[in-house]
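Per the numbering used here, the very first residue in the sequence shown carries number 36; after that it's consecutive.
Even for Gly, the Cβ is constructed at its ideal location relative to N, Cα and C.
No experiment lies behind these values; they were computed from the predicted model shown.
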Amino acid sequence: MLKITTRPVTEANWRTAIELDVHPEQREFTPTVAISLAKAYIQPDGAVHDPVAVYAGPKMVGFYSFIYLPNNLYFAYLGGFLIDKSEQGRGYGRAALALFLHSVKRRQPECKEVLLTVNPRNQVAQRLYQSVGFVKTGDSTDGEDVMRLVLKSPG
């Protein structure tokens, strides 16, 4: 497997990012990249949505939004996470999730919890999130289950 890296979505790569797509049966599970980029501009509820492209070597293979509230850095959120349909099943999702969690610790050292939502029918994503320690909170948002990962304090 190629090394996974991440880069911000910028003027130079946004067109490639919006071409990323999932299989038709997965489309109900994640917003399109275009919708995630719109949220980065609009910042719903005052949340910053930093769009991030996932690369395997020189090829963009996935996307996510690093979401946070500027007035509360104890929490970070993963949104719009997807791996392109042509690249699924190669371990890129797990590697990208690990890079995201590393970036949370680096960018927001005071962060205590990472949150995300997942469609209850998306068993593949649920297993991935649970494998790194996310647990369902029992809450739901817009019909999706909320999952939480409590970060360990350094030291």
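Please check the pair N23 and F64, which I expect to be a contact at CB under 8 Å, by giving their CB distance rounded to whole angstroms.
-> Lying outside 36 to 190, the shown extent of the chain, residue 23 is not represented and no answer is given.
Compute the Euclidean distance between the alpha carbons of V167 and S121, then round it to the nearest angstrom.
-> Separation of V167 and S121 (C-alpha to C-alpha, rounded to the nearest whole angstrom) is 24 Å.
Can you give me the start and stop residues for the beta strand (DSSP E) that S100 sits inside?
-> According to the DSSP assignment, S100 belongs to the beta strand (DSSP E) that extends over K94 to L104.
Which one of Y90, I102, N107 and V159 has the shortest CA to CA distance from A130?
-> Comparing Cα positions, the closest option is Y90.
Should the region 51 to 69 be regarded as contacting the region 134 to 145, the criterion being three or more beta carbon pairs within less than 8 Å?
-> Here the region 51 to 69 does not lie against the region 134 to 145, with fewer than 3 beta-carbon pairs under 8 Å apart.
Proximity of Y109 and K171 at Cβ, strictly below 7 Å = At least 7 Å separates the beta-carbon of Y109 from that of K171.
Note down, one range per segment and in chain order, each beta strand (DSSP E) of at least 3 residues found wholly within the region 143 to 173.
-> Note on the region 143 to 173: whole beta strand (DSSP E) runs with a minimum of 3 residues are 148 to 153, in chain order.
Identify, in the order they occur along the chain, each residue of the same chain with its Cβ nearer than 7 Å to the Cβ of V96, setting aside the five sequence neighbours on each side.
-> So the list reads V89, Y90, I118, D119, E122 and Y127, once near-sequence residues are dropped.
Kindly identify the DSSP beta-bridge partner or partners of S175.
-> According to DSSP, S175 shares a beta bridge with D180.
Beta-carbon gap between L104 and P86 smaller than 7 Å = Going by beta carbons, L104 and P86 fall outside the 7 Å limit.
C-alpha distance - T41 paired with G173, whole-angstrom precision = Looking at the two C-alpha atoms, the distance is approximately 31 Å.
V153 vs M182 beta-carbon contact at 7 Å = The answer is yes: Cβ separation under 7 Å.
Of all the options D177, L136, A69 and F135, which has the alpha carbon lying nearest to the alpha carbon of T45?
-> Selected option, being the one with the closest Cα: A69.
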